[in-house]
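Asks:
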Amino acid sequence: MKPLYVPKGKAKEYGDYAVNIYTGCPHRCYYCFAPSVLHRDREEFHSHVEPRPGIVEALKRQLEREGVTGKLIHLCFTCDPYPTGYDTSVTREVIKAIKESGNHVQILTKGDGIRDFDLLDGNDWYGITYDGMPHGVYEPSDRVIVLADAKYAGLKTWVSCEPVIYAGAVLEFLENCHDIIDKIKIGKLNYHPSTINWKDFGHEAEQLCQKLGMDYYIKESLRKEMEK
Ligand code: SF4
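In this note's numbering, the protein residues as written are 10 to 237.
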């Protein structure tokens with residue numbers, strides 16, 4: 010197994026390297042693309058969540074063999090590094106392996122990663138997805154509180170507003186929370202119906218980010234809508 014890989018396609022807009030730690034994810038986002046990407050049954054993906062067997066040792070071996078160092082490694086694309094209700098000590102071991110090899114992490118979660126903040130420093134990014142919806146036991150406001158904790162702990166903070174489900178909630182979030190966000194990525198809902206006018210939303214979000222002086226990135230598929 011080679012846990013460390015270079016993302017392709019839309020995922021490439023998120024990072025140069027990535028590791029997927031778990032076999033599934035309990036958060037049950039209706040728009041989750043992971044079961045399709047992994048050719049897995051959707052119900053099975055959401056209900057059977059465990060660390061990929063041997064992932065920590067395999068990652069350590071790969072990092073050493075390939076001499077990867079000084080890179081930012083994204084956790085995770087096809088799962089959540091903090092699956093709510095599950096033991097996440099393997100995530101902790103993965104972070105340790107990445108940091109001990111001289112690399113840094115870029116976490117993206119809809120759970121709560123505060124338990125591992127002691128492993129992170131100002132070269133690491135802690136990120137949440139903000140789509141305005143609850144996932145598992147965590148409300149959007151819970152995730153924002155942990156993001157603020159990350160900022161106060163001296164970590165870099167980022168938010169993935171992709172996919173946007175409630176446009177108004179996302180714009181309000183930007184307005185209210187921009188001071189705890191170091192970077193934001195905004196993207197549209199793909200492959201599912203939406204009543205959002207993406208062209209108007211994209212321009213409104215971009216103007217707001219500029220007004221607030223935010224470091225922002227509009228994902229390609231949303232940018233294309235804005236240019237129509
Ligand atoms: S948190 Fe991510 S991996 Fe988990 S169900 Fe939602 S979209 Fe899928």
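Idealized CB from N, CA, C, for every residue including glycine.
Since the model is a prediction, treat every value here as computed from it, not as a measurement.
Within 8 Å, do at least three Cβ pairs link the stretch 144–161 to the stretch 188–208?
Replies: Yes, the stretch 188–208 touches the stretch 144–161.
Asks: Tell me which residues share the same chain as Q71 and place their Cβ nearer than 8 Å to its Cβ, disregarding the 5 neighbours each side in the sequence.
Replies: If we look at Q71 and ignore the five residues flanking it on each side, its Cβ neighbours are K11, P12, L13 and V77.
Asks: Provide the residue span of the beta strand (DSSP E) that contains L81, from first to last.
Replies: L81 to L84
Asks: Does the separation of the CB atoms of C34 and D89 fall below 8 Å?
Replies: yes
Asks: If we ignore side chains and look at the alpha-carbon of each, how far apart do F54 and T32 end up?
Replies: Distance from the CA atom of F54 to the CA atom of T32, rounded to whole angstroms, is 7 Å.
Asks: Taking 8 Å as the cut-off, decide whether the C-beta atoms of G131 and K80 are in contact.
Replies: For the pair G131 and K80, the CB atoms are not nearer than the 8 Å cut-off.
Asks: How is K165 classed by DSSP in three states: helix, strand or coil?
Replies: strand
Asks: Return the CA-CA distance between A106 and L117, expressed in angstroms with no decimal places.
Replies: 18 Å
Asks: I need the DSSP call for V99, collapsed to helix, strand or coil.
Replies: It is helical.
Asks: How far does the beta strand (DSSP E) with L117 in it reach, from first residue to last?
Replies: H113 to T118
Asks: Is it buried or exposed for H36, if we count other Cβ within 10 angstroms and need 16 for buried?
Replies: buried
Asks: Looking at the ligand SF4, does it come within less than 7 Å of C41, judged from the CB to the closest heavy atom?
Replies: Distances from the CB of C41 to the heavy atoms of the ligand SF4 include at least one below 7 Å.
Asks: Counting only the same chain and skipping the five closest in sequence on each side, list residues whose C-beta sits under 7 Å from that of V99.
Replies: I30, P60, I64 and V65
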